[in-house]
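Chain order of the listed sequences is A and B. Sequential numbering of the first sequence, starting at 0, is according to numbering that gives the first Met the number 0. Sequential numbering of the second sequence, starting at 0, is according to numbering that gives the first Met the number 0. For every residue, glycine included, the Cβ atom is placed at its ideal position computed from N, Cα and C.
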Amino acid sequence: MWLVPNSTEVELLFGVTCNFFITMASGCTSEDLFDAIIMADDRFHDEGFQEGFDKGTRQGLIEGRNHGATHGARLSAELSFYYGFAFTWKCIFQDSPEPRTRKKLKALENLLALIQSFPHDDPQYGNLQEDVGKVRAKFRQVCSLVNVPSDFRDYVSKGEEMSF
Amino acid sequence: MSWVKSIPSSEDDVFDEDEEDTNLQKKEWRYNMEKRLKDGFRDGMDSGKEASLQHGFNMGFRDGAAKMVIVGQLKGIVSAMQCWCQLQQLDPPRLASVTELLQIIVRHEDTMIERMQMAQQHLPASVGDITDCISDLSVQHVDSCCGGVHCSGKSCHRSEGAKEDNSTFPCPSTHCSLSMEENLKQLLKSCMNLVYELDFPEELLHHVKQLMSA
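This is the structure we're talking about:
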C-alpha cells in the first residue's frame, strides 16, 4: 500500500499503464497517451476532491455552527445577565428616596452603556475578549457598590469560566 | 512488487499469449484509480471543512447568542430582585418565591445550553469516521455513492451520524423549542407578577413586558 507514491513507483506505474494503454489503443501517439494517463490520474483525484469538498463544506458548516452556538450562547447569557441585573438596580435607584444614589446610578449606567457598546454575537469582532473583560470588571465594581451579598458573587463568578 | 514482473516484453503478445497479465494490469490500474478517488475525496473533505468551519462557527455563534438574550436578562433581573429582597430583609415567604423563580430560570438556561451541547455531540466526531463510510467507494459506481446518503452498507460504522448529517441537521432550536419557548413565556409572566406584587418600579415592569413581546 502506498499513500503518496515516490518517483520510482510513479515511473513503474506509468511503465505498466502506458503499456496497457498502448495495447488497448494502438494508433495514438505515445505523448497523447501519456497525457491521457496523467489526466486520468488527476481526473479521478479531482472527481473525488469535488465530492469530498461538497461534503466537507456541509460538514464544516454544521460542526462550526454547533460549536459556535454553545460559545455564542454562553457569552450572550452572561452579558445579558449583567444587563438585566444592572437595569433592575438602575430602576430601583432611580425611584429611591435614598440619598447618595448618584454614584451607584452612574456606575450602573456605565455598565449598561458598556454592554451595549460592542457586538456580542460576532466572534470575529477584534476586541471581544477585551471588552468582555471590561464588562466583568465593571460588573464586580457595581456589585460592591450596591452591596450585593458575597455568596451571590460566588454564584455569579461561575459564569465567568468561559473561553473562546 | 509482483506486477513489476508482469510488464510484457512486447506489445503484440499481450492478448495472444497471456491474458492474465492484462487482467492483473487492469486490476492494478483500477486499484490505483480508486485510491486516487479516495485520496481526492479525503483532500476535498479537509479543504471543504477548512473553508466553511469559521463561517459555520460565526453563524452558530450569532444564533446561540440571540437565543440566550431573554433568559439571560430574566436571570439578571430576578437575581437583582432577590438581592434587593435580601437587603431589605423582606419576609421569608416573599423572598422564597423570588428565590424559587430564580432557580427555575437557572435550570431553564442550563437546559437550553445542554441541548445545544447535545446537538454538538450527535455529529460525527471526525473526518476519519466519515472516510470509513466510503471505504467501499469505487470507480465504477462513483455517481451513486456520495459517501453518506447511500452508504448504509457493511463498512459504514456511523450510518446514524451520516444520516443525520444529510438530513436536516440537529439544530439545537428545532427540537422541543416550542415547549421551551412557552416555558420561558411562563417564567416572564411569573417575573412580571412578582415585580408587581413586590412593588418594583414601573419601568422594570415595562422592560419585562418588552422582553415578553420580543
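Margin query: As a quick exercise: from Val147(A), Pro122(A), Ala106(A), Phe86(A), pick the residue whose alpha carbon is nearest that of Lys137(A).
Written below: When only C-alpha atoms are compared, the closest one is Ala106(A).
Check: the segment 73-86 of chain A: which residues have C-beta closer than 8 Å to a C-beta of chain B, in chain order?
Finding: With the criterion set as a beta carbon lying under 8 Å from some beta carbon of chain B, the members of the segment 73-86 of chain A are Arg73, Leu74, Ser75, Ala76, Glu77, Leu78, Ser79, Phe80, Tyr81, Tyr82, Gly83, Phe84, Ala85, Phe86, in sequence order.
Next item on the list: In angstroms with no decimal places, state the Cα-to-Cα distance between Lys133(A) and Ser75(A).
Entry: So the alpha carbons of these two residues sit roughly 15 Å apart.
Item checked: Any C-beta of chain A under 9 Å from that of Asp42(B) -> Closer than 9 Å: yes.
Notebook entry, point to check: Using the rule of at least 16 other Cβ atoms within 10 Å of the residue's Cβ for burial, across every protein chain shown, is Arg106(B) buried or exposed?
Noted result: Answer is exposed; the Cβ neighbour count stays below 16.
Checklist line | Short Cβ contact (9 Å threshold) for Phe43(A) with Arg114(B) | finding: No; because the gap between Cβ atoms is not below 9 Å, this pair is not in contact.
Check: Where Gln140(A) and Gly55(A) are concerned, what is the direct C-alpha to C-alpha distance, given to the nearest angstrom?
Finding: Straight-line measurement puts the Cα of Gly55(A) at about 47 Å from the Cα of Gln140(A).
Check: In whole angstroms, what separates the C-alpha of Asp53(A) from that of Gln119(B)?
Finding: Rounded to whole angstroms, Asp53(A) to Gln119(B) spans 20 Å at the Cα level.
Next item on the list: Please report the residue range of the alpha helix (DSSP H) in which Arg135(A) lies.
Entry: Where Arg135(A) is concerned, the enclosing alpha helix (DSSP H) stretches over 127-144.
Note to self: Given this structure, state the Cα-to-Cα distance separating Ser189(B) from Asn57(B), to the nearest angstrom.
What the structure shows: Between Ser189(B) and Asn57(B), the alpha-carbon positions lie close to 34 Å from each other.
Next item on the list: Would you decide whether Tyr82(A) is buried or exposed? Buried here means 16 or more other CB atoms lie within 10 Å of its CB.
Entry: Answer is buried; the Cβ neighbour count reaches 16.
Note to self: Using beta carbons (cut-off 9 Å, strictly below), is Leu186(B) in contact with chain A?
What the structure shows: Not one chain A Cβ lies under 9 Å of Leu186(B).
Note to self: Mapping the DSSP letters down to three states, classify Glu202(B) as helix, strand or coil.
What the structure shows: In the structure shown, Glu202(B) sits in a helix (DSSP, three-state: H, G or I).
Next item on the list: Flag Met58(B) as yes if its beta-carbon sits less than 9 Å from any beta-carbon of chain A, otherwise no.
Entry: Yes - at least one Cβ of chain A is within 9 Å of the one on Met58(B).
Next item on the list: Mind checking the segment 76-100 of chain B against chain A and listing, in chain order, the residues whose C-beta falls within less than 7 Å of any C-beta there?
Entry: Correct list: Ile76, Ser78, Ala79, Met80, Cys82, Trp83, Gln85, Leu86.
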